[in-house]
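Worksheet: the structure to be examined is printed underneath.
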Amino acid sequence: MTMDGVSVFSDHICELGEGPSYDPATDTLFWFDIVNGKLLEKPLAGALKVHDLGVMASAIAVIDADRQLIATEIGLQVRDVKTERLTLHTPIEADNSVTRSNDSRVHPCGALWTGTMGKGEEKGAGSIYWFFKGELRRLFSGITVSNSICFSQDGTIAYYTDTATGLLM
Numbered sequence: 003m004t005m006d007g008v009s010v011f012s013d014h015i016c017e018l019g020e021g022p023s024y025d026p027a028t029d030t031l032f033w034f035d036i037v038n039g040k041l042l043e044k045p046l047a048g049a050l051k052v053h054d055l056g057v058m059a060s061a062i063a064v065i066d067a068d069r070q071l072i073a074t075e076i077g078l079q080v081r082d083v084k085t086e087r088l089t090l091h092t093p094i095e096a097d098n099s100v101t102r103s104n105d106s107r108v109h110p111c112g113a114l115w116t117g118t119m120g121k122g123e124e125k126g127a128g129s130i131y132w133f134f135k136g137e138l139r140r141l142f143s144g145i146t147v148s149n150s151i152c153f154s155q156d157g158t159i160a161y162y163t164d165t166a167t168g169l170l171m
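Here is the structure:
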């Protein structure tokens, strides 16, 4: 495989752009302007759409053609693609105004691993959660900035970083 060149995919400027996720069914890239509560959506051969979510959000997982699961500052919310309405599905630290969602990843088994962090990067304010078939579990706590959640190829080992420590866990 050769790369012919690199080009700018979108010239939209985000205050804190993160959480890119590609949907192969629609050939669309999604990402977030976290602090401004925006979901950005751009088909590979189409125009950029900017959706105002009204909450800080950082990760998306496609449920089906009509619904998306979005990690937000109050928990996992289901977004209706047609109406753009968000409905709280599973609260995560919703009673803690200090934290917000940060990095998330879907495990090969289908479980969503999602992290939180302090909005001001407060030391130890974050955690990493596991969500599967309606069950939510806190796996790790005392994290400052949860990031880079990923898995070994066979799914038996999970990794993450706490950006504040510079360590791979």
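Per my numbering: the sequence shown = residues 3 to 171. The beta-carbon is built from N, C-alpha and C at its ideal position, and this holds for glycine as well.
| Check | Outcome |
| --- | --- |
| Can you name, in chain order, every residue of its own chain whose Cβ lies under 8 Å from the Cβ of Thr167, other than the five neighbours on each side? | Thr146 |
| What does a CB cutoff of less than 7 Å around Leu18 pick up in its chain, not counting 5 residues either side in sequence? | Asp35, Ile36 and Val37 |
| One question on the structure: do Gly77 and His109 come within less than 9 Å of each other, judged by their Cβ atoms? | no |
| Taking just the CA atoms, how far does Thr163 sit from Lys40? | 25 Å |
| What residues in its chain sit with their C-beta under 6 Å from that of Ala73, if we drop five residues either side in the sequence? | Ser60, Ala61, Ser103, Ser106 and Thr116 |
| What beta strand (DSSP E) runs, 3 residues minimum, are completely inside the segment 3-84? | 19-25, 30-35, 40-45, 51-54, 59-66, 69-74 and 77-82 |
| In three-state terms, what does DSSP make of Val100? | coil |
| From the DSSP output, in three-state form, read off Pro93 for me. | strand |
| With distances taken Cα to Cα, identify the nearest neighbour of Ala47 among Leu138, Asp54 and Thr28. | Thr28 |
| Which residues mark the beginning and the end of the beta strand (DSSP E) in which Glu137 is found? | Glu137 to Ile145 |
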